[in-house]
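Each remark here refers to the structure printed beneath this line.
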Amino acid sequence: MAKKKSILSDQRFIVLLVIIALVVIYMIFSPEFRKYSSILSMLDFSYYDVLMAIGVTFPLITSGVDLSIGTGMVCYALIAGRLIRDFNIPVVLAMLICILLGCIVGLANGSLIGIMGLPPFLATLCTCMITRGVSSMIMATPWPTNKQPGGWFHSIFKLTFGSGRSATKIPIGFVLVVIFVLIMEFVLNHTRFGRYTIAIGSNKEAITLSGVNVKFYHVMAYTVCGLFAGLAAIAYAAVVPTVQPGTGAGLELDAIGGVFVGGVSATGGYGSVLGTLAGVFVIVLLKTGLPYVGLQANWQQIVTGIVLIGAVIIDVIKRRRLAKEQ
Amino acid sequence: MSETNEAILVMEDIDKSFPGVHALDHVHFDVRCGEVHALMGENGAGKSTLMKVLTGIYSKDSGKITFEGREIEFHNTREAQDAGIVIVHQELNMVGDLTVAQNIFIGREFMKGFRIDDKKMIEESNKLFDELKIQIDPKAKMSDLTVGKQQMCEIAKAISHQAKVIVFDEPSAALTEKEIEDLFTIIRDLRDKGMAIVYISHRMDEIKVITDRVTVMRDGGYVGTLITNDCTKEDIINMMVGRVIYEDPKTESHVPADAPVVLKVEHLNAGRMVQDVSFELRKGEILGFSGLMGAGRTETARALFGADPKTSGDIYVNGQKVTINSPQDAVKYGIGYLSEDRKRYGIVVQKSIIENSTLATLEKYMKGAFIDKAEEEKITQKYIDELSTKTPSADTLVVNLSGGNQQKVVIAKWLVRNCDILIFDEPTRGIDVGAKNEIYKLMNRLAEEGKSIIMISSEMTEILRMSDRIVVMCEGKKTGELDIAEATQEKIMDKATRDIA
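Chains as they are written, first to last, in my numbering: chain P, 1 to 326; chain E, 327 to 827.
Written out as structure tokens, the structure reads:
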């Protein structure tokens, strides 16, 4: 019988411990953090990170990357906002447009990488620049706020079930995000798309020679990533006061970092969406939580960097051990 | 060659084992100043291993190496280079984006203070080229040169190390006739200057032209040394293949005379390695592909399978002309390919037997959009039993299986797919003797059941034991086809080394 993996060697378990440790530390040192409203506001700003991270998990498992999700997200939100303001389209339609735009950019990334054979870093760096350029051409437009007509979509990501935001209420956005995570975890493990995504990262030549339409699945991985960037655009517009043109660069790095913390192998071929969820929350806790214990913004970046190094070292050690077993 | 010359380099009783393989069995080899000494043998005879022991890439288990009268042992190629022993490799070790001069002096650049002295390197390169009587611009980018010119640069680099012994490892493999002539001129020149040359090659006609003595190795052992002028091509071939056959060779074809042709390949061309190859494969037949390394057998298989692009050629499956542009097409027509490099091309090592077994057939094991894992496990278990794959369970990661059992997983992958034409590329490479027999039995059984098999093998015994018919290739061309009844090692080797000129 193959050795059953001990729970301690599962990176996801370690990450869970880190999350608990961080929350406990914050709660000890910051009375402010103990308030439910603080946790809620932290969660509000985590949804777009989680959604981007769910998507980018797939390219990362193929041992690729997608750098365009951050600027893409802002770009789609701006386009949709402008359409609402100047053309009075219904909000539902604007949301669908966000998702559609994400898919289109993802499809473009996938085609450049999977069919044309461009290096993922380069291809998505280009689409990152393009989406940032497009978004700076669009007039600054706040999405409708919750108070305005058509602002109902805010409640998806900001409201809790029941009225008000008291401690007994569960945030809707969190539930929604967890549902997405579970769906995509299932997709990764129980569909052809999922299995081939992993196999592309693990041994692309072998599945090509097995007669699998590798190009199609490679393109799909980036399209799914784009789709989630589109969903992230909705979540982003729902929580930030104004979506500003020309921003978004760098946001993808939090998501990508989270995926690696969550245990996706740095060389592809292994990963889980549940791990991604946990990994992103580590990043989010560091990003929004450190100020509660008096550490300034610059420290957040440094600590995040160090945590990421730790996660990647675990992966490297794991792979070395496997290489030895061979 | 002057008869009075002492051997500059003597290797005596060199012994080297790797886990499970006795790579060098008390081998003797020596080379004198002013001679070209050929080192010959089949694939895997131990030539490269011997040279790696000489230049410190491998350390020997026992034996003695004497160089210029002193016993030596190098720990890395740098030490060997410094002492004056240099290998010109078959695959050129050049950095394409650097210039010729930068390549020749890489790792020991001339400095002017903190700056690299490019001018001096160019001057020195010119001196080397003058010495070799060749014309190459030291300022040219390496990747802009032809393979032949690049090889000249390697030689220049070797000489710049004050080399006394130069080992050429299959130098002519990638050269044109004209380039080979130039190479020989240089080699003769070096010899006349008193250098000792070791020349590794498969090309029989070259051996006769350029070398003074020939040493033959076989299965890691030393067979003998001959004076080139006193022996014939047949003498050398006999020494190369004269091994005792410990397995019963097939004596006649097991294929009925009226078996239908399932695969017909006509005038297949794909690059330099596949030139106008035609053959037929019949139902229930094992068609052996024999030849030396670099004969173009794997390239033929990959082109046929759609893994590499082909320039021209027609393929017929069961009499129907088919277009195969990708492995996907090939699989559609029931062709399965088992690569020589299993870990790289055959299996996904970090995944389970189940996932590997259904890799080519996943669409058959779906319940709507989802993978039907129960069905998947059932079919995997069926083939684990049928092929008697030794594994604790179907979930076991393939990386934890032995080579022979990994091969069975690859076979299962194509059987699940119901492929009728299987291409086995070196089916027993890296597999131990016991497991080999099992793979052989399995292949025979598959053939009896009506599968048709193309078997590429560099092992002569394997070819003679398994094949019903044998196609021999040499340098990208099909040079012969033999029925098993008339095939002998000598006949095959003769075709595999046929003079191309």
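Virtual Cβ for every residue (Gly too), placed ideally from N, Cα, C.
In this text, all values refer to a predicted model and were calculated from it rather than measured experimentally.
- No Cβ-Cβ contact shorter than 8 Å links Gly-614/E with Ala-822/E.
- If you draw a straight line from the Cα of Phe-174/P to the Cα of Arg-628/E, it is about 51 Å long.
- Along the stretch 172–196 of chain P, the positions whose C-beta sits under 7 Å from a C-beta of chain E are His-190, Thr-191, Arg-192 and Arg-195, read in chain order.
- With 16 or more neighbouring CB atoms inside 10 Å of its own CB, Met-468/E falls in the buried class.
- When the five nearest sequence neighbours on each side are left out, the beta carbons in the same chain lying within less than 7 Å of the beta carbon of Asp-387/E are those of Asp-341, Lys-342 and Ser-343, in order along the chain.
- Under the Cβ distance rule, Asn-213/P counts among the residues neighbouring chain E, one pair being separated by less than 8 Å.
- Between Pro-753/E and chain P, the shortest Cβ-Cβ separation is not below 8 Å.
- As summarised for the stretch 692–759 of chain E, the continuous alpha helix (DSSP H) elements at least 4 residues long and confined to that stretch are 699–712 and 729–742, given in chain order.
- Among the CB atoms of chain P, none fall inside 8 Å of the CB of Pro-635/E.
- In this structure, the alpha-carbon of Ile-512/E lies about 39 Å from that of Glu-788/E.
- Thr-626/E has its alpha-carbon roughly 16 Å from the corresponding atom of Asp-655/E.
- Rounded to whole angstroms, the separation of the alpha carbons of Lys-669/E and Val-347/E is 20 Å.
- Annotation for Ser-136/P: Pro-245 and Gly-246 place their beta carbon closer than 8 Å to its own, counting only its chain and skipping 5 residues before and after.
- Close partners of Ala-206/P in chain E (Cβ separation under 7 Å): Tyr-671, Gly-672, Ile-673 and Val-674.
- Within chain E, the residues Val-674, Lys-677, Glu-681 and Leu-685 have their CB atoms less than 9 Å from the CB of Ala-199/P, given in chain order.
- Closest option to Ser-265/P, judged by alpha-carbon separation, among Ile-207/P, Val-307/P and Gly-201/P: Gly-201/P.
- With fewer than 16 neighbouring CB atoms inside 10 Å of its own CB, Leu-93/P falls in the exposed class.
- The C-beta of Gly-269/P comes closer than 8 Å to at least one C-beta of chain E.
- Contact between Ile-334/E and Phe-393/E holds: their C-beta atoms lie close to 7 Å from each other, under 8 Å.
- Think of a sphere of 8 Å around the beta carbon of Leu-78/P: no beta carbon from chain E falls inside it, the nearest being about 34 Å out.
- Contact check between the stretch 663–679 of chain E and the stretch 640–650 of chain E: fewer than three CB pairs, one atom from each, fall below 8 Å, which does not count as touching.
- Against chain P, a Cβ distance below 7 Å from Ala-695/E picks out Thr-191.
- Classified as buried, Asn-109/P has 16 or more neighbouring CB atoms from the shown chains inside 10 Å of its CB.
- Taking C-beta atoms as the reference points, Ile-19/P and Leu-285/P count as a pair closer than 8 Å.
- In terms of beta-carbon proximity, Ser-665/E lines the interface with chain P, with at least one pair separated by less than 8 Å.
- DSSP lists Lys-803/E as the bridge partner or partners of Cys-800/E.
- Residue contact with chain P for Val-657/E: present (Cβ-Cβ distance below 8 Å to some residue of chain P).
- Residues of the stretch 639–657 of chain E that bring their beta carbon within less than 9 Å of a beta carbon in chain P comprise Ser-652, Pro-653, Gln-654, Asp-655, Ala-656 and Val-657, in sequence order.
- Think of a sphere of 8 Å around the beta carbon of Asn-298/P: no beta carbon from chain E falls inside it, the nearest being about 36 Å out.
- Judged by DSSP in its simplified three-state form, Glu-394/E adopts coil rather than helix or strand.
- Contact of Glu-701/E with chain P by beta-carbon distance below 8 Å is absent, the smallest such distance being about 13 Å.
- Burial check for Glu-560/E: the Cβ neighbour count within 10 Å stays below 16, so the residue is exposed.
- Closer than 7 Å at the C-beta level to chain E, one finds no residue of the stretch 110–124 of chain P.
- Taking 8 Å as the threshold, the shortest C-beta distance from Ser-210/P to chain E falls below it.
- Collapsing the DSSP output to three states places Val-284/P in a helix.
- With a cutoff of 8 Å on beta-carbon distance, Gly-258/P and Asp-49/P are scored as near each other.
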